[in-house]
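There are 2 protein chains.
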Amino acid sequence: MRRVGIDTYQELVAYMRSDCDICKSEGFEAHSRVEVWRGDRHIIATLNVVHFPMIAMQEVGLSEAAWRALGGADGDLVRIAHPAPVQSFSSVRAKIYGRPFTSDGVNAIVHDIVAGRYSHIEMAALITACSGSRLDLTETIALTDAMVKVGQRLQWDADIVVDKHCVGGLPGNRTTLLIVPIVAACGLTIPKTSSRAITSPAGTADTMETLAPVALDIAGMRHVVERENGCIAWGGAVSLSPADDLLIRVEHPLDLDSDGLLVASVLSKKIAAGSTHVVIDLPVGLTAKVRSPEAAQALAERLVKVGAALGIAVKPVMTDGRQPIGRGIGPALEARDVLAILQNAADAPQDLRERALVLTASVLELGGKAEAGQGMALAANVLDSGAAWRKFQAICEAQGGMRIPPQATYTHPVLSLHRGRVVAIDNRRLASIAKLAGAPKAPAAGIVFQAPLGMRVEVGQPLLTIHAESPGELAYARAYAEAQENLVSLLEV
Amino acid sequence: MRRVGIDTYQELVAYMRSDCDICKSEGFEAHSRVEVWRGDRHIIATLNVVHFPMIAMQEVGLSEAAWRALGGADGDLVRIAHPAPVQSFSSVRAKIYGRPFTSDGVNAIVHDIVAGRYSHIEMAALITACSGSRLDLTETIALTDAMVKVGQRLQWDADIVVDKHCVGGLPGNRTTLLIVPIVAACGLTIPKTSSRAITSPAGTADTMETLAPVALDIAGMRHVVERENGCIAWGGAVSLSPADDLLIRVEHPLDLDSDGLLVASVLSKKIAAGSTHVVIDLPVGLTAKVRSPEAAQALAERLVKVGAALGIAVKPVMTDGRQPIGRGIGPALEARDVLAILQNAADAPQDLRERALVLTASVLELGGKAEAGQGMALAANVLDSGAAWRKFQAICEAQGGMRIPPQATYTHPVLSLHRGRVVAIDNRRLASIAKLAGAPKAPAAGIVFQAPLGMRVEVGQPLLTIHAESPGELAYARAYAEAQENLVSLLEV
Numbered sequence: 001m002r003r004v005g006i007d008t009y010q011e012l013v014a015y016m017r018s019d020c021d022i023c024k025s026e027g028f029e030a031h032s033r034v035e036v037w038r039g040d041r042h043i044i045a046t047l048n049v050v051h052f053p054m055i056a057m058q059e060v061g062l063s064e065a066a067w068r069a070l071g072g073a074d075g076d077l078v079r080i081a082h083p084a085p086v087q088s089f090s091s092v093r094a095k096i097y098g099r100p101f102t103s104d105g106v107n108a109i110v111h112d113i114v115a116g117r118y119s120h121i122e123m124a125a126l127i128t129a130c131s132g133s134r135l136d137l138t139e140t141i142a143l144t145d146a147m148v149k150v151g152q153r154l155q156w157d158a159d160i161v162v163d164k165h166c167v168g169g170l171p172g173n174r175t176t177l178l179i180v181p182i183v184a185a186c187g188l189t190i191p192k193t194s195s196r197a198i199t200s201p202a203g204t205a206d207t208m209e210t211l212a213p214v215a216l217d218i219a220g221m222r223h224v225v226e227r228e229n230g231c232i233a234w235g236g237a238v239s240l241s242p243a244d245d246l247l248i249r250v251e252h253p254l255d256l257d258s259d260g261l262l263v264a265s266v267l268s269k270k271i272a273a274g275s276t277h278v279v280i281d282l283p284v285g286l287t288a289k290v291r292s293p294e295a296a297q298a299l300a301e302r303l304v305k306v307g308a309a310l311g312i313a314v315k316p317v318m319t320d321g322r323q324p325i326g327r328g329i330g331p332a333l334e335a336r337d338v339l340a341i342l343q344n345a346a347d348a349p350q351d352l353r354e355r356a357l358v359l360t361a362s363v364l365e366l367g368g369k370a371e372a373g374q375g376m377a378l379a380a381n382v383l384d385s386g387a388a389w390r391k392f393q394a395i396c397e398a399q400g401g402m403r404i405p406p407q408a409t410y411t412h413p414v415l416s417l418h419r420g421r422v423v424a425i426d427n428r429r430l431a432s433i434a435k436l437a438g439a440p441k442a443p444a445a446g447i448v449f450q451a452p453l454g455m456r457v458e459v460g461q462p463l464l465t466i467h468a469e470s471p472g473e474l475a476y477a478r479a480y481a482e483a484q485e486n487l488v489s490l491l492e493v
Numbered sequence: 001m002r003r004v005g006i007d008t009y010q011e012l013v014a015y016m017r018s019d020c021d022i023c024k025s026e027g028f029e030a031h032s033r034v035e036v037w038r039g040d041r042h043i044i045a046t047l048n049v050v051h052f053p054m055i056a057m058q059e060v061g062l063s064e065a066a067w068r069a070l071g072g073a074d075g076d077l078v079r080i081a082h083p084a085p086v087q088s089f090s091s092v093r094a095k096i097y098g099r100p101f102t103s104d105g106v107n108a109i110v111h112d113i114v115a116g117r118y119s120h121i122e123m124a125a126l127i128t129a130c131s132g133s134r135l136d137l138t139e140t141i142a143l144t145d146a147m148v149k150v151g152q153r154l155q156w157d158a159d160i161v162v163d164k165h166c167v168g169g170l171p172g173n174r175t176t177l178l179i180v181p182i183v184a185a186c187g188l189t190i191p192k193t194s195s196r197a198i199t200s201p202a203g204t205a206d207t208m209e210t211l212a213p214v215a216l217d218i219a220g221m222r223h224v225v226e227r228e229n230g231c232i233a234w235g236g237a238v239s240l241s242p243a244d245d246l247l248i249r250v251e252h253p254l255d256l257d258s259d260g261l262l263v264a265s266v267l268s269k270k271i272a273a274g275s276t277h278v279v280i281d282l283p284v285g286l287t288a289k290v291r292s293p294e295a296a297q298a299l300a301e302r303l304v305k306v307g308a309a310l311g312i313a314v315k316p317v318m319t320d321g322r323q324p325i326g327r328g329i330g331p332a333l334e335a336r337d338v339l340a341i342l343q344n345a346a347d348a349p350q351d352l353r354e355r356a357l358v359l360t361a362s363v364l365e366l367g368g369k370a371e372a373g374q375g376m377a378l379a380a381n382v383l384d385s386g387a388a389w390r391k392f393q394a395i396c397e398a399q400g401g402m403r404i405p406p407q408a409t410y411t412h413p414v415l416s417l418h419r420g421r422v423v424a425i426d427n428r429r430l431a432s433i434a435k436l437a438g439a440p441k442a443p444a445a446g447i448v449f450q451a452p453l454g455m456r457v458e459v460g461q462p463l464l465t466i467h468a469e470s471p472g473e474l475a476y477a478r479a480y481a482e483a484q485e486n487l488v489s490l491l492e493v
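Protein sequence lines correspond, in order, to chains A and B. Just so we're aligned: the first sequence equals residues 1 to 493 in my numbering. Just so we're aligned: the second sequence equals residues 1 to 493 in my numbering.
Structure (structure tokens):
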């Protein structure tokens with residue numbers, strides 16, 4: 001085996017010469033799926049055939065992802081074989097043709113995904129087959145359970161372990177970074193794991209990473225939680241739901257919604273994290289992930305029922321999803337909003353503060369730290385007193401040291417061409433602009449949104465400011481933003 | 001640009017250095033989609049980032065498929081840009097969520113596929129969304145029409161242009177190579193284009209290619225048809241339905257059935273080929289592509305209605321799909337069966353002969369060369385007299401010269417472990433064995449099937465013989481075949 005230094009992202013690729021004896025005797029060709037064994041460890045990779053001496057005869061080159069997955073060193077001896085057909089894909093086919101998943105079928109699928117046996121197009125077919133509302137309750141329970149089984153599962157020295165999650169779709173809705181320190185300051189155990197962005201310009205882990213390290217292993221999380229009651233870690237680093245982590249890589253570019261996959265993704269991570277009581281924020285709005293109160297109600301019921309079937313208490317909270325929360329959209333820009341609230345700054349975004357307090361109140365009440373109706377006052381008190389800010393700093397220190405979020409080199413304001421009062425905002429296109437600007441991979445990139453609902457806007461007044469780390473990304477985001485009509489809808493006044 | 005000699009099969013891949021100014025300024029990363037322009041010509045490729053000096057700064061390496069698609073020479077100047085988002089994929093999303101395709105939506109999708117704007121996972125999502133019976137009649141008409149519009153469309157100097165097609169799923173069913181010479185000998189125009197294998201061990205084009213060149217361009221086809229009334233060419237070489245050719249590459253590994261995609265695939269090629277009257281063979285059997293008479297009836301109606309909407313007469317013919325036809329399964333092995341029948345050899349497989357005559361009769365009657373009920377006698381006469389064999393040789397010569405099909409180096413008989421009478425055969429698993437043996441890419445590979453329905457089999461008697469071009473493939477096919485139960489079901493006698 002040899003490392004060839006080609007980064008194919010998550011795809012495992014093996015490179016062999018077309019005139020090599022092994023290719024000839026085994027009948028391997030470009031795009032064959034091959035099994036590469038190094039001792040007991042093996043991967044399934046896609047073969048790329050090379051026509052020049054970049055690779056020697058009897059040598060297999062490995063892409064960066066394949067190299068990492070297989071381990072070892074240049075020159076290690078490997079064995080190459082045809083992989084067995086992926087039997088579990090017949091369950092995916094049956095589902096596509098309209099037959100429901102069985103529990104055994106789902107277990108086998110999830111197991112094969114984690115073993116690296118699914119190609120990208122097979123995962124894309126699976127995701128498509130689960131999209132919309134194609135998974136029923138029984139299937140969703142089976143999928144969630146299967147996802148928990150293939151990953152690690154944490155145990156904590158507490159009877160009550162609380163957690164919160166937002167189903168996303170609302171740019172800037174970074175309440176976790178406020179809820180965790182308040183709840184932890186109140187003495188509840190909240191070992192929060194968050195994901196990186198799936199289809200949004202920033203996930204909570206992306207935002208937190210601009211303030212402190214988030215790639216904690218389980219020992220690291222345990223250390224932080226024992227000391228501070230809470231942490232904000234990246235879930236991917238602890239492999240709580242490795243199947244979900246792999247599916248997300250294909251879900252992201254397809255940008256498809258699925259109630260069943262969403263519930264399985266959220267709850268598998270919460271159950272694996274050892275949570276017993278979970279508050280789930282469901283922002284509802286025409287351009288949020290959940291578009292109507294009816295859809296939110298259906299999703300809420302699904303979450304509660306799947307949670308109950310698998311032994312955790314789930315409390316969904318519907319919130320206003322009509323516009324971005326706070327001002328920043330993108331990892332570092334959102335982190336700045338959070339810091340302003342924790343520090344009780346005069347210009348801190350009140351909408352984000354209010355929303356965090358409402359959700360924190362639910363967590364405190366669900367976790368038994370406040371009577372019904374009393375959670376809000378307790379939460380506000382902890383925030384106003386500075387106790388939450390001290391706790392947040394302590395958590396950051398325990399996670400490896402607090403950081404200052406980066407600032408973008410390139411910025412450009414997008415100006416209003418009309419005057420009027422803001423009556424509607426397209427969250428999805430705002431998120432697209434932030435993504436075109438480079439978020440979340442470029443942590444300082446994104447937008448600062450300056451035209452909330454109800455604001456009176458004059459011609460030439462900035463609706464938003466694009467932040468980017470490269471001029472190319474700034475140009476693309478700007479071209480896209482300036483080509484949109486009704487990104488922000490104005491009513492003449 | 002530089003050719004790097006990496007064969008990624010059909011996927012267009014561009015290689016750039018991670019420390020290159022262009023990657024940095026544009027924010028390109030591993031797996032970014034990039035547009036590469038050479039003058040007016042451009043491709044959309046997936047970026048692989050390299051970490052060593054295989055590629056120079058300011059240089060973009062191209063995979064073999066990307067190199068072919070872009071044309072040009074080493075050192076040509078190219079321009080790299082972010083591609084615009086693929087707008088038409090929102091129509092695919094809408095379909096996945098349950099809203100029917102519109103005609104405009106389907107046209108945009110097909111247009112973008114042919115322009116190379118769809119990634120593999122996007123195509124996989126589209127195929128999944130169209131699988132089973134998820135396309136209704138209106139959508140199927142729109143899709144068929146869209147596929148015709150993006151390709152070439154042939155015109156012939158004849159009022160009646162006949163054609164035939166088999167929906168497949170039945171190993172060895174190679175009637176085309178018999179029907180075309182008989183029909184052409186009767187004076188009807190039959191410019192047959194066939195596909196290579198999609199999910200089967202051999203397509204008609206693969207089988208014909210062992211007997212004569214099939215990669216004819218339109219001028220080549222016209223030349224053959226003007227001289228001999230008929231040809232048997234590979235459809236892919238004339239780009240009659242380029243969207244279908246691209247989708248097939250992703251359909252193949254997924255192995256999903258779709259009535260709508262099947263009808264669009266079949267009829268788009270027939271319409272583009274300039275056919276006016278088409279006979280369609282629908283083999284029905286538990287392990288054939290069409291599993292029940294009800295499914296066949298539904299598919300037949302769909303074919304007739306879509307044909308009528310788009311101006312061609314379609315006559316479906318349901319045939320027995322319970323077992324393989326002839327003895328060979330695999331390109332060269334099937335070609336041998338065809339030759340035996342054309343040459344009126346004593347041991348020629350009678351089932352293949354009978355089936356070809358039935359279908360030929362339908363073509364002759366539909367095309368006006370025989371009264372209803374008289375086609376069979378005419379067809380048999382042309383075959384028995386040697387006129388069909390002479391016509392077949394003439395067609396092969398006109399296509400570039402007749403060839404002798406290759407013979408496999410490695411063979412292995414699979415013996416019966418039981419005795420009894422053959423009562424059922426699993427066509428799908430037989431096809432899998434032939435594919436594991438290397439068919440269709442290895443033309444001599446496949447199986448000779450020796451245990452038809454009704455035969456009495458003794459312990460130790462060969463059920464089939466595997467043919468392979470490499471020992472590795474022989475071993476895999478043999479291991480798979482020997483691990484199967486009830487590949488051939490026996491009833492004790």
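Beta carbons are placed, not taken as given, at the ideal position from N, Cα and C, and that holds for glycine.
Exercise for review: Report yes if the CB atom of V86(B) is closer than 9 angstroms to the CB atom of M147(B), and no otherwise.
Suggested key: No.
Point to revise | Heavy atom of the ligand FAD within 8 angstroms of I43(A) beta-carbon | key: Among the ligands in the structure shown, none appear at all, so the ligand FAD cannot be discussed.
Check your understanding: Of all Cβ atoms in chain A, is any one closer than 9 angstroms to the Cβ of T128(B)?
Key -> Yes, T128(B) counts as interfacial toward chain A.
Point to revise | Option nearest C20(A) by Cα separation, candidates G5(A), Q58(A), G27(A) and H42(A) | key: Out of G5(A), Q58(A), G27(A) and H42(A), Q58(A) has the C-alpha closest to the C-alpha of C20(A).
Practice item. For chain A, find out if any of its Cβ atoms is closer than 9 angstroms to the Cβ of I43(B); answer yes or no. Key: Output row for I43(B): interface = no.
Exercise for review: Let me know the secondary structure DSSP gives W156(A) once reduced to three states.
Suggested key: Three-state result, W156(A): coil.
Practice item. Could you tell me whether any Cβ in chain A is nearer than 9 angstroms to the Cβ of L216(B)? Key: Chain A contact via Cβ: absent.
Exercise for review: Let me know if Q323(A) comes out buried or exposed under the rule of 16 or more other beta-carbons within 10 Å of its beta-carbon.
Suggested key: Buried.
Exercise for review: Jot down the residue ranges of each uninterrupted beta strand (DSSP E) in the stretch 161–219 of chain A, minimum 3 residues, whole runs only, in chain order.
Suggested key: Listed in chain order, the beta strand (DSSP E) elements of length 3 or more contained wholly in the stretch 161–219 of chain A are 162–166 and 190–194.
Check your understanding: With DSSP run on the structure shown, which of helix, strand or coil describes I248(A)?
Key -> Helix, per DSSP.
Point to revise | Neighbouring residues, chain B, relative to F52(A) (Cβ below 7 angstroms) | key: Result: G5.
Check your understanding: Would the stretch 460–478 of chain A and the stretch 196–210 of chain A be scored as touching if the rule is three or more Cβ pairs under 8 angstroms?
Key -> As far as the Cβ criterion goes, the stretch 460–478 of chain A does not touch the stretch 196–210 of chain A, which means the pair count is below three.
**Study point:** Inter-residue spacing [alpha-carbon to alpha-carbon] between R41(A) and I179(A)
**Key:** Those two C-alpha atoms are separated by around 42 angstroms.
Point to revise | Short Cβ contact (9 angstroms threshold) for V224(B) with Q399(B) | key: In terms of Cβ geometry, V224(B) and Q399(B) form a close pair [threshold 9 angstroms].
Review point. Candidates P201(B), V238(B) and S91(B): which alpha carbon is nearest L126(B)'s?
Key: The residue with the shortest Cα to Cα distance from L126(B) is S91(B).
Check your understanding: Is it true that the CB of L464(A) sits closer than 9 angstroms to the CB of A481(A)?
Key -> Yes, the Cβ-Cβ distance between A481(A) and L464(A) is below 9 angstroms.
**Study point:** Unbroken alpha helix (DSSP H) run spanning M147(B), endpoints
**Key:** Run containing M147(B): L137 to K149, per the alpha helix (DSSP H) assignment.
Point to revise | K315(B) in three-state terms, based on DSSP | key: K315(B) sits in a strand when the DSSP states are folded into three classes.
Exercise for review: Answer with yes or no whether the minimum CB distance from N48(B) to chain A is below 9 angstroms.
Suggested key: Chain A, which has a Cβ nearer than 9 angstroms to the Cβ of N48(B), makes this yes.
Exercise for review: Compare the Cα-Cα distances from T329(B) to each of T140(B), V314(B), R153(B) and R174(B) and report the closest residue.
Suggested key: The question names Thr, yet the displayed sequence has Ile at residue 329(B). Among T140(B), V314(B), R153(B) and R174(B), the Cα nearest to that of I329(B) is on R174(B).
**Study point:** Distance CB(V4(B))-CB(V36(B)) smaller than 9 angstroms
**Key:** Taking 9 angstroms as the Cβ cut-off, V4(B) and V36(B) do not qualify as a contacting pair.
Review point. Pairing CB atoms from the stretch 225–242 of chain B with CB atoms from the stretch 89–107 of chain B, are three or more of them under 8 angstroms?
Key: Taking 8 angstroms as the limit for Cβ pairs, the verdict is that the stretch 89–107 of chain B does not touch the stretch 225–242 of chain B.
**Study point:** Neighbour list for T210(A) in chain B, Cβ cutoff strictly below 9 angstroms
**Key:** By Cβ distance, chain B contributes nothing, its closest Cβ being about 18 angstroms from T210(A), past 9 angstroms.
Exercise for review: State buried or exposed for F392(A), treating a residue as buried only when at least 16 other CB atoms are found within 10 Å of its CB.
Suggested key: Classification of F392(A): buried, given that the 10 Å Cβ count is 16 or more.
**Study point:** Nonlocal neighbours in the same chain, by C-beta distance under 7 angstroms from V279(A), ignoring five residues either side
**Key:** Taken in chain order, the residues that qualify are K164, K315, V317, L359, S362, V363 and L366.
Check your understanding: Is there at least one Cβ from chain A nearer than 9 angstroms to R196(B)'s Cβ?
Key -> For R196(B), no Cβ of chain A is located within less than 9 angstroms of the residue's own Cβ.
Practice item. Could you tell me if P349(A) is buried or exposed, where buried requires 16 or more neighbouring beta carbons within 10 angstroms of its beta carbon? Key: Flag for P349(A) reads buried.
**Study point:** Contacting residues, own chain, Cβ-Cβ under 7 angstroms from A212(B) (five flanking each side not counted)
**Key:** The residues are C396, Q399, G400, G401, M402 and R403.
Check your understanding: Residues in the stretch 404–427 of chain B with C-beta within 9 angstroms of chain A's C-beta atoms, listed in sequence order?
Key -> Closer than 9 angstroms at the C-beta level to chain A, one finds no residue of the stretch 404–427 of chain B.
Check your understanding: K270(B) CB to nearest chain A CB: under 9 angstroms?
Key -> Chain A contact via Cβ: absent.
Review point. Where does N107(A) fall in DSSP's three states?
Key: N107(A): helix per DSSP, three-state reduction.
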